[in-house]
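Numbering (my numbering), first residue to last: 20 to 477.
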């Protein structure tokens, strides 16, 4: 988008084409109204509107100002400026921002919801080129579906970064694979790309294996005639000619590495894992759930779904006794060992410990330091990494550290709130597989539809 200069090469965009992008700095528009923030997605329109409003707000308007504002009015009309607020409002409703917040300042919008406003901003100008970096972050399933419909109805050229497999399958026509130190473009959606990329690499390796067998045969051919001086020279010459024709393909090492995640349980539970009776929770007049009844048998995988603000996290926190329900009871099976992955886990990393010391806190008596180091290695933390402070690791690294904690805990029940947030595709796939193989009971909240559909039994 021009905000960063390339080290080499150049980027060219057809003249007069509009580029829209999803801003990642969600606090950049705090002093502007929500509607104005969206309209700013069309830079030309916003500049005309701002200058037009400035002139109209002058105490006195000169003849020159009058002529200028007349020109601005024409430009404003040509860009559909008179419908700008209604169009911006429709987009805001689409991303879930209520009408009563549209005229208020961005500073009044909750952090997770500011990104929704910025998504509406990126879409507002109906750009020719649309750059979207993780557009589904902080969106619930219904809003993601709305976004898919909006994008599929547009004719823009789009460049999208996302770890939402279902979203990529629904929206993308090509996949650009950044790996092996280069970018390769594959036609099709994510699933089609994965099949094609896997097949291409398998064919490359098979071709190399065939060529290596031919080279081995040549070496044996030369060895057979090595005792005969006259024939040895002839055989060696022929072998060299053949070797020039048989060139092994370069097989670069992939930068894509999957962590190894497995959740085992120390104690097996039987029959009923959880029973909820008459569970209710409200904040003032907002009722999140009322008289909730639930019986969950051992081994079930329960997905808790709903729009943002419906009370999914609150329900999990009630199950974990982090907050009290207004009424009702939560009854876990005897001998439960609950592993909990909270959506907001900043508090887990407040203490200034290195990765090894942090993970060592969670080991069982039978786990020695070598075992803990092994778990860190499985989660892709090298010998140098484990000396780093947990305060300086990324969101994705925090997620992997928490998975390590749960691996050491060996729970028979897992309670997970948005565990795929901040993870790369390889970590999501590894977590997905680990939970499929988990023999215990799982309760989880997720907006990743592939993740939900592959795991949930109810």
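Beta carbons are placed, not taken as given, at the ideal position from N, Cα and C, and that holds for glycine.
Residue i versus the options, residue with shortest Cα-Cα distance
{"i": "residue 414", "options": "440, 424, 232, 294", "result": "440"}
{"i": "residue 324", "options": "171, 335, 141, 68", "result": "335"}
{"i": "residue 394", "options": "367, 429, 408, 368", "result": "429"}
{"i": "residue 305", "options": "366, 345, 218, 231", "result": "345"}
{"i": "residue 383", "options": "356, 362, 367, 50", "result": "356"}
{"i": "residue 331", "options": "452, 208, 437, 28", "result": "437"}
{"i": "residue 276", "options": "46, 73, 444", "result": "444"}
{"i": "residue 425", "options": "361, 174, 122, 352", "result": "361"}
{"i": "residue 379", "options": "348, 338, 427", "result": "427"}
{"i": "residue 50", "options": "123, 387, 97", "result": "123"}
{"i": "residue 107", "options": "76, 223, 58", "result": "58"}
{"i": "residue 102", "options": "175, 65, 271, 365", "result": "65"}
{"i": "residue 432", "options": "178, 318, 420", "result": "318"}
{"i": "residue 401", "options": "273, 422, 375", "result": "375"}
Residue i, buried or exposed, once every other Cβ within 10 Å from all chains shown has been counted against 16
{"i": "residue 315", "result": "buried"}
{"i": "residue 93", "result": "exposed"}
{"i": "residue 157", "result": "buried"}
{"i": "residue 118", "result": "exposed"}
{"i": "residue 136", "result": "buried"}
{"i": "residue 340", "result": "exposed"}
{"i": "residue 126", "result": "exposed"}
{"i": "residue 418", "result": "buried"}
{"i": "residue 100", "result": "buried"}
Boundaries of the beta strand (DSSP E) in which residue i is found, first to last residue
{"i": "residue 209", "result": "Premise fails: residue 209 lies in the alpha helix (DSSP H), 209 to 243, not in any beta strand (DSSP E)."}
{"i": "residue 171", "result": "Here residue 171 belongs to no beta strand (DSSP E); instead the alpha helix (DSSP H) covers 160 to 171."}
{"i": "residue 206", "result": "201 to 206"}
{"i": "residue 293", "result": "291 to 302"}
{"i": "residue 17", "result": "Past the boundaries of the shown model lies residue 17; the chain is included only from 20 to 477, so the question cannot be answered."}
C-beta contact flag for residue i and residue j at 8 Å
{"i": "residue 234", "j": "residue 152", "result": "no"}
{"i": "residue 392", "j": "residue 185", "result": "no"}
{"i": "residue 139", "j": "residue 280", "result": "no"}
{"i": "residue 52", "j": "residue 278", "result": "no"}
{"i": "residue 347", "j": "residue 296", "result": "yes"}
{"i": "residue 322", "j": "residue 463", "result": "yes"}
{"i": "residue 98", "j": "residue 67", "result": "yes"}
{"i": "residue 211", "j": "residue 267", "result": "no"}
{"i": "residue 56", "j": "residue 48", "result": "yes"}
{"i": "residue 178", "j": "residue 150", "result": "yes"}
{"i": "residue 159", "j": "residue 327", "result": "yes"}
{"i": "residue 240", "j": "residue 251", "result": "no"}
Limits of the alpha helix (DSSP H) - the one that residue i falls within
{"i": "residue 74", "result": "62 to 75"}
{"i": "residue 96", "result": "82 to 97"}
{"i": "residue 451", "result": "444 to 456"}
{"i": "residue 188", "result": "184 to 190"}
Are there three or more Cβ pairs, one per stretch, closer than 8 Å when the stretch 141 to 148 is compared with the stretch 400 to 410? no
Between the stretch 194 to 204 and the stretch 167 to 174, are three or more C-beta pairs nearer than 8 Å? no
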